[in-house]
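So the protein sequences, as listed, match chains A and B. Quick note, in this note's numbering, the first sequence goes up one by one and the last residue is 742. Quick note, in this note's numbering, the second sequence goes up one by one and the last residue is 486. We treat Cβ as the ideally placed atom computed from N, Cα and C, and that holds for glycine.
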Amino acid sequence: MSLAAGSRLVLFATLMPLTGCVGDIGTTGETPIGASPSGGEGAGATTGPSTGTMNPAPAMTTVPGSPLPPALAPDKAPPAVTNCADVRQRGVARPGARRLSRAELVATLADIFGTKRDVGYLEKDLANYPEIAEMNDVTKFETAHTFEQAMAWAIFVDDVIGQKFPRELGGVCFTKTPITDQCWTDFFTNFGRTVWRRPLTSAEVDMLSAAVKGQPTTDAVYTALSMLFRAPEFLFHIENGTSQDGAHARLTSHEIANRISYGTIGSMPDKVLADAADAGQLATLAQVEAQVRRLIETPRAKTKLLRLFAEWLNLEHVLQPDPAFVDIFLRTGLTNQAAIMFKAELLEYAGHVIWTEKGTFKDLMTRKIAFPRHEGMRMVFEAPTVLTKDVVTPVAVPYHAGLLLRPAMLLNSNRESSPILRGALMKRRVLCDQLKSPDFAAVAQRFDELGDLDPNKTPNWKLVEQLTAAPQCQTCHKEINPMGFAFEEFNSIGMHRTDQIVYKDPYTILTRFPLPTPVSGVVIEDGTPTTYSSAQQLTETIGSSNKARSCTTTYTLRHLERRLETQADSCLINEAVKVLQDGKPVLDMFVKAIANEDIFWRRAE
Amino acid sequence: MKAFATPRRHFLRGLGGFTLAVPFMPSLAPRSAQAAARPPMRFAMMLSLFGCDRTRWWPSVPEEALVQNMGVYTAKLADLGPTMSYVLGPAFDPVKRKMNIVRGLDEVSPNGMHNSSLPTTGSANAPSGGSGFGYSIDCVLEESPKFYPATPVAGVLRTVPGDAGSIWGDQSSYSYSSRGQKGQHIQAEWSPKNIYDRLFNVAALAKIDARNARITGATARVFDNYKQTMASRRIASDDRRRLDSYMSLISQVDKALAVKPVECGRATDPGTPPTGVEAVHSAMIDMEVAALACGSTKVVMHAITQGSSDPKEDLHGPAHEGPGPKDGAGLPPSKAAIHNVWQMTRVAEFLKKLDAITEADGSTLLDNTLFIYSNEDGNGSHEHVDLPTIVAGGQDRIRTGYLMDFRPRPFYKGAFRTPLGRPYNQLLVTAFKTLGLAEADYQKFGQKGFGPYDVVPVANAAHYAPSIARRDDPLPFLFNA
Numbered sequence: 138m139s140l141a142a143g144s145r146l147v148l149f150a151t152l153m154p155l156t157g158c159v160g161d162i163g164t165t166g167e168t169p170i171g172a173s174p175s176g177g178e179g180a181g182a183t184t185g186p187s188t189g190t191m192n193p194a195p196a197m198t199t200v201p202g203s204p205l206p207p208a209l210a211p212d213k214a215p216p217a218v219t220n221c222a223d224v225r226q227r228g229v230a231r232p233g234a235r236r237l238s239r240a241e242l243v244a245t246l247a248d249i250f251g252t253k254r255d256v257g258y259l260e261k262d263l264a265n266y267p268e269i270a271e272m273n274d275v276t277k278f279e280t281a282h283t284f285e286q287a288m289a290w291a292i293f294v295d296d297v298i299g300q301k302f303p304r305e306l307g308g309v310c311f312t313k314t315p316i317t318d319q320c321w322t323d324f325f326t327n328f329g330r331t332v333w334r335r336p337l338t339s340a341e342v343d344m345l346s347a348a349v350k351g352q353p354t355t356d357a358v359y360t361a362l363s364m365l366f367r368a369p370e371f372l373f374h375i376e377n378g379t380s381q382d383g384a385h386a387r388l389t390s391h392e393i394a395n396r397i398s399y400g401t402i403g404s405m406p407d408k409v410l411a412d413a414a415d416a417g418q419l420a421t422l423a424q425v426e427a428q429v430r431r432l433i434e435t436p437r438a439k440t441k442l443l444r445l446f447a448e449w450l451n452l453e454h455v456l457q458p459d460p461a462f463v464d465i466f467l468r469t470g471l472t473n474q475a476a477i478m479f480k481a482e483l484l485e486y487a488g489h490v491i492w493t494e495k496g497t498f499k500d501l502m503t504r505k506i507a508f509p510r511h512e513g514m515r516m517v518f519e520a521p522t523v524l525t526k527d528v529v530t531p532v533a534v535p536y537h538a539g540l541l542l543r544p545a546m547l548l549n550s551n552r553e554s555s556p557i558l559r560g561a562l563m564k565r566r567v568l569c570d571q572l573k574s575p576d577f578a579a580v581a582q583r584f585d586e587l588g589d590l591d592p593n594k595t596p597n598w599k600l601v602e603q604l605t606a607a608p609q610c611q612t613c614h615k616e617i618n619p620m621g622f623a624f625e626e627f628n629s630i631g632m633h634r635t636d637q638i639v640y641k642d643p644y645t646i647l648t649r650f651p652l653p654t655p656v657s658g659v660v661i662e663d664g665t666p667t668t669y670s671s672a673q674q675l676t677e678t679i680g681s682s683n684k685a686r687s688c689t690t691t692y693t694l695r696h697l698e699r700r701l702e703t704q705a706d707s708c709l710i711n712e713a714v715k716v717l718q719d720g721k722p723v724l725d726m727f728v729k730a731i732a733n734e735d736i737f738w739r740r741a742e
Numbered sequence: 006m007k008a009f010a011t012p013r014r015h016f017l018r019g020l021g022g023f024t025l026a027v028p029f030m031p032s033l034a035p036r037s038a039q040a041a042a043r044p045p046m047r048f049a050m051m052l053s054l055f056g057c058d059r060t061r062w063w064p065s066v067p068e069e070a071l072v073q074n075m076g077v078y079t080a081k082l083a084d085l086g087p088t089m090s091y092v093l094g095p096a097f098d099p100v101k102r103k104m105n106i107v108r109g110l111d112e113v114s115p116n117g118m119h120n121s122s123l124p125t126t127g128s129a130n131a132p133s134g135g136s137g138f139g140y141s142i143d144c145v146l147e148e149s150p151k152f153y154p155a156t157p158v159a160g161v162l163r164t165v166p167g168d169a170g171s172i173w174g175d176q177s178s179y180s181y182s183s184r185g186q187k188g189q190h191i192q193a194e195w196s197p198k199n200i201y202d203r204l205f206n207v208a209a210l211a212k213i214d215a216r217n218a219r220i221t222g223a224t225a226r227v228f229d230n231y232k233q234t235m236a237s238r239r240i241a242s243d244d245r246r247r248l249d250s251y252m253s254l255i256s257q258v259d260k261a262l263a264v265k266p267v268e269c270g271r272a273t274d275p276g277t278p279p280t281g282v283e284a285v286h287s288a289m290i291d292m293e294v295a296a297l298a299c300g301s302t303k304v305v306m307h308a309i310t311q312g313s314s315d316p317k318e319d320l321h322g323p324a325h326e327g328p329g330p331k332d333g334a335g336l337p338p339s340k341a342a343i344h345n346v347w348q349m350t351r352v353a354e355f356l357k358k359l360d361a362i363t364e365a366d367g368s369t370l371l372d373n374t375l376f377i378y379s380n381e382d383g384n385g386s387h388e389h390v391d392l393p394t395i396v397a398g399g400q401d402r403i404r405t406g407y408l409m410d411f412r413p414r415p416f417y418k419g420a421f422r423t424p425l426g427r428p429y430n431q432l433l434v435t436a437f438k439t440l441g442l443a444e445a446d447y448q449k450f451g452q453k454g455f456g457p458y459d460v461v462p463v464a465n466a467a468h469y470a471p472s473i474a475r476r477d478d479p480l481p482f483l484f485n486a
């Protein structure tokens with residue numbers, strides 16, 4: 138027997154997501170460093186084997202006759218840390234050169250040009266600077282430039298900077314024709330420092346000044362700008378360091394300032410920070426932490442760090458619910474905007490708990506508040522009122538507790554919820570468990586075997602259970618399914634429900650199925666309960682787990698450094714995890730993830 | 006309908022430069038030369054996603070009507086009538102003798118997901134994820150000194166007509182290169198207007214030329230400074246390598262910018278990107294055909310993505326829905342089949358437009374272009390076997406005018422529900438050889454053949470073993486060189 142076409146569609150869509158859907162079940166996760174109970178916390182801890190290594194790649198070869206340069210081989214693996222208290226072992230995972238991400242590039246240019254070029258214009262101007270999937274998947278961030286980026290940047294420097302440079306930015310005498318030698322010296326000393334984000338040496342100023350001497354003014358200005366903006370010093374975070382000590386090298390105060398600044402606000406140091414660097418006041422952890430704390434409270438830092446949530450929770454791929462289904466339930470015109478608005482709500486919620494309330498990780502995972510900015514959202518939350526644009530205080534809601542029960546985390550594009558996607562999202566992104574890709578031959582076989590299944594006669598969760606009952610499926614699904622079933626009290630648009638309603642047509646209820654409760658077999662980590670009577674109970678336990686804290690911290694590191702973690706990062710990760718374990722605000726964890734001993738060092742070789 | 010946001014400036018993406026050493030300009034060639042010279046071979050691919058409704062895509066030919074040629078089961082397309090199948094209808098009639106419908110090509114190591122890498126690399130694992138085969142056929146050609154003895158204006162013209170935000174990311178293509186890092190996903194152009202400005206707009210070209218001169222003029226200074234700065238720098242070797250790579254790219258950018266586009270009157274300004282999705286594809290096809298005819302490029306990759314298709318609503322779900330009622334039942338076809346018809350209408354348009362260009366020796370542009378249509382899925386249900394494939398043109402180096410079925414008889418299904426054929430990789434090898442590349446020219450990562458050959462599931466391994474053992478052999482019967 139075979140399934141009716143419509144039934145097959147529903148089942149397939151439930152079981153088989155597109156690559157990149159929320160949950161990412163086709164991808165292997167990375168075990169976060171520090172997730173293991175034996176990993177220990179704090180100074181002196183050691184870590185066991187980790188799979189969280191740099192993205193492996195085979196040795197590359199030069200392409201004969203290629204117009205392109207030899208491909209880059211993967212970086213050498215840094216040595217593992219055996220003792221966090223041994224300063225000589227700190228910071229060896231950190232490269233001393235990585236290119237600016239597109240977001241950093243835009244923000245830095247906006248800071249350099251000030252009011253002359255706003256961010257919106259710059260984003261348009263840089264529309265052709267390729268940056269695929271950076272926001273969503275740090276493993277796809279390439280620390281080196283591509284040919285396409287180099288081409289786009291060359292054109293940008295010519296068109297936007299070279300041709301339209303506001304001369305007054307070069308200083309008073311820079312507006313004169315001809316520009317004097319002293320003028321050039323001042324220009325490279327001052328404006329050069331801004332662009333390269335560090336003081337230039339006198340040799341560098343002399344070298345740059347010599348290059349423009351004798352040229353007609355227009356050409357000289359163009360050359361000067363090209364030299365500054367096309368140089369690796371602008372496009373990369375380059376850390377020369379001061380002194381080498383074993384496997385690591387100490388950074389200069391300006392390099393430390395850049396780490397602080399790009400870690401917090403995603404752009405170049407402000408005046409206070411730059412002055413501190415000039416004065417050598419970034420030499421101790423206390424001095425660094427003070428600067429990080431000052432910056433992390435700013436709106437820029439909030440905007441920047443909230444991107445972490447988009448990456449961590451894969452918000453780019455939140456599924457848009459079936460508009461017709463949204464209409465059936467809400468009839469408020471939310472329809473095509475549901476995914477966008479709920480994503481925004483999730484970020485507003487996180488921003489409020491972390492920045493306004495200075496909430497802990499537990500708060501983040503449990504607060505029963507929401508920001509319904511639309512009548513349809515209010516209905517989903519069962520909130521008392523809709524919040525107008527100017528209202529910044531959330532409303533209390535009865536069911537949507539914490540980050541993991543935001544509707545954005547629960548949406549599905551089909552009429553029925555997807556326990557598999559929900560379970561996989563929790564396992565992979567919130568607990569950093571490893572999930573393998575399904576065996577699709579087995580999946581196909583199951584469909585043939587289950588020809589008489591009917592979603593109109595079988596509860597959604599039961600359907601999933603039967604579809605994944607094959608032994609080879611159970612390797613993963615024995616853990617994915619219960620986790621997903623615990624969220625069945627929310628339908629595919631994130632509304633709370635007490636039973637599963639099956640519709641005959643948009644306005645006629647065919648039948649109702651009871652929900653699976655309590656749900657047993659839920660695996661979080663050793664020592665946590667395995668049976669849950671509500672989604673809220675589950676998310677509270679997840680929020681209290683070391684695994685979730687470690688996973689969150691790991692994604693924070695990835696966000697800050699645009700790379701996967703390695704063994705050599707274990708100390709800073711454990712130190713940041715401990716902040717959450719101690720019940721301190723999440724904001725403190727962000728501070729610790731930046732302001733720790735590693736910030737003073739980079740790899741030496 | 007998707008709103009087309011025109012970028013402020015188009016980007017000379019992949020402006021790998023250039024004019025051909027001898028740009029093909031038939032009108033400028035002396036008559037004697039026109040008579041003697043064989044036009045250069047080009048390569049074009051059209052690509053789409055979510056497989057096909059197999060009951061309506063493939064021609065229904067009785068087993069007894071198939072003729073075995075070199076182990077391939079064949080039928081002449083001319084014998085199938087004007088409507089070869091529900092999907093492959095009369096639109097193909099004018100080019101039927103110059104094309105093949107190729108059946109029985111499989112991805113040998115499927116991962117069951119949707120990955121645009123499949124038809125161009127043979128790998129269903131996305132190279133960007135680190136596990137797939139990180140080179141697509143167009144990137145190999147782009148970097149081949151044999152295929153491009155001189156730097157071209159555009160090594161590859163990659164397009165996703167009308168799709169500024171496709172399912173695989175903004176302006177995605179089906180192209181991957183490992184030149185910088187394994188599996189770099191190469192972006193594509195969505196606007197025909199941008200292609201026109203980049204390749205054919207005389208006024209724009211003059212400005213571009215002046216700009217390129219400015220950029221290249223300043224590069225030497227950037228290099229001088231870099232050399233001096235690096236001399237005093239003490240950083241890790243991996244970091245130094247990263248910076249050196251960027252400087253090397255600057256040098257390559259200069260090289261690309263130094264090449265001047267050819268002037269060619271074949272293309273007309275498409276104007277503002279049309280709002281209708283068919284019109285965008287049509288305008289893009291015009292640009293692509295003109296670029297091939299003018300010698301602006303020798304490789305075109307035209308992708309039909311989720312965001313640039315009709316109907317524009319979800320296509321993934323209907324693809325999974327599977328076949329609709331059989332033909333003749335008087336019932337409507339599946340949504341997947343309707344979409345397949347829409348896709349193949351674009352393919353037929355491209356083939357006919359190629360065939361409408363007469364080249365110097367009297368042959369057509371289609372004759373001198375190896376054309377492949379393929380898909381990243383087989384049947385819409387993540388079954389990467391029996392990929393819907395059309396091969397055309399090929400300058401007599403391939404046989405045309407046939408339905409070619411590479412599935413051996415009796416059918417063998419292995420671990421799947423569909424009879425298995427040959428590795429799809431063999432079509433890519435066939436393409437390379439048709440285009441004049443030797444094995445050493447296309448092999449990558451120190452392995453023979455092209456693409457991955459690790460058979461999954463292993464139950465299928467014995468079936469594919471003979472083909473994999475001779476992985477650099479082109480497809481029999483199809484390859485005619």
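Boundaries for residue 53 (chain B): no alpha helix (DSSP H) harbours it, while the beta strand (DSSP E) harbouring it runs 47 to 53, taken from the DSSP string. A contact between stretches requires three or more CB pairs, one per stretch, nearer than 8 Å, and the stretch 158 to 169 of chain B meets this requirement with the stretch 279 to 296 of chain B. Cβ contact annotation for residue 378 (chain B) (same chain, cutoff 6 Å, sequence separation greater than five): 51, 352, 395, in chain order. 9 Å or more divides the Cβ of residue 141 (chain B) from the Cβ of residue 164 (chain B). Following the DSSP letters along the chain, one finds residue 307 (chain B) inside the beta strand (DSSP E) bounded by residues 304 to 308.
For the C-beta of residue 165 (chain B), not a single chain A residue is nearer than 9 Å; the gap to the nearest is close to 13 Å. Closer than 9 Å to the CB of residue 359 (chain A) there is at least one CB belonging to chain B. If only uninterrupted alpha helix (DSSP H) runs of at least 4 residues are considered, those enclosed by the stretch 334 to 360 of chain B are 340 to 360. Contacts between residue 345 (chain A) and chain B, judged by CB atoms closer than 8 Å, involve 230 in chain order. Residue 377 (chain A) reaches chain B at 237, 238, 239, 240, counting residues in chain order whose Cβ is nearer than 9 Å. Within its own chain, the residues whose Cβ lies closer than 7 Å to the Cβ of residue 736 (chain A), once the five positions on either side in sequence are excluded, are 393, 396, 425, listed in chain order. Put simply, the backbone Cα of residue 67 (chain B) is about 14 Å away from that of residue 108 (chain B). Approximately 18 Å separates the beta-carbon atoms of residue 488 (chain A) and residue 680 (chain A); this is outside 8 Å, ruling out the contact. Chain B has a Cβ within less than 9 Å of the Cβ of residue 292 (chain A).
In the structure shown, residue 706 (chain A) adopts helical secondary structure according to DSSP, grouped into three states. Residue-level contact check: residue 299 (chain A) touches chain B, since one or more beta carbons of chain B fall below 9 Å from its beta carbon. Distance check between residue 459 (chain B) and each of B:75, B:129, B:80 places B:129 closest, using alpha-carbon atoms only. Residue range 636 to 642 is occupied by the beta strand (DSSP E) that includes residue 638 (chain A). Interface annotation, residue 391 (chain A): not in contact with chain B, CB-CB separation never under 9 Å.
Within the model, the alpha-carbon separation for residue 268 (chain B) versus residue 206 (chain B) is close to 8 Å.
At a Cβ-Cβ threshold of 9 Å, residue 282 (chain A) and residue 251 (chain B) count as neighbours. For residue 227 (chain A), there is no enclosing alpha helix (DSSP H), as DSSP marks it with neither H nor E. Residues of the same chain with a CB within less than 6 Å of the CB of residue 438 (chain B), apart from the 5 flanking positions on each side, are 479 in chain order. DSSP, reduced to helix, strand and coil, places residue 469 (chain B) within a helical segment of the structure shown.
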